[in-house]
Amino acid sequence: MSDRKDKGFEVYPFRAVGGGKYDLERWNEDYWNRFERLLRATAKRRIFVQIEIWDRFDDTDSGGSDRWQIHPYNPKNNVNYQL
Numbered sequence: 000m001s002d003r004k005d006k007g008f009e010v011y012p013f014r015a016v017g018g019g020k021y022d023l024e025r026w027n028e029d030y031w032n033r034f035e036r037l038l039r040a041t042a043k044r045r046i047f048v049q050i051e052i053w054d055r056f057d058d059t060d061s062g063g064s065d066r067w068q069i070h071p072y073n074p075k076n077n078v079n080y081q082l
C-alpha cells in the first residue's frame, strides 16, 4: 500500500482529480476497499498486521527514489495547498 512504482500496486488513499493531482479531502474508495480486503485476509489467517501511519521515505527523495515528486502530499500534486 505504498507509493512505490510497483506496476499498478501504487494506490493512494486520496482521490485523483486529473492532471496528476489529488484532492486530499476526498477518499479513493479503491484504496480503502483494497485495505479492507488485506485486513480481512490476514485476520482469516491469524496474521497480525502492523500499520505504519507515516512513511518517512515518502516525504523525501533520498536514495534517488523521487517519491516526493509524485506524492499527493507534495503541494504541487494536490488541489488543497497552493504554493
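Residue numbers (numbering that gives the first Met the number 0): 0 to 82. Even for Gly, the Cβ is constructed at its ideal location relative to N, Cα and C.
If you measure between the beta carbons of F13 and R25, is that distance less than 9 angstroms? yes
Using a Cβ-Cβ cutoff of less than 8 angstroms, which residues in the same chain neighbour L38 once the five nearest sequence positions on both sides are dropped? V48
Please report the distance separating the alpha-carbon of V16 from that of D22. Looking at the two C-alpha atoms, the distance is approximately 7 angstroms.
Where does F34 sit, in a helix, a strand or coil, going by DSSP? Here F34 sits in helix by DSSP.
If we ignore side chains and look at the alpha-carbon of each, how far apart do R36 and I52 end up? 18 angstroms
Spatial neighbours of K75 in its chain, beta-carbon cut-off 6 angstroms, leaving aside the 5 residues before and after: none
Can you name the residues that DSSP bridges to Y21? A15 and N77
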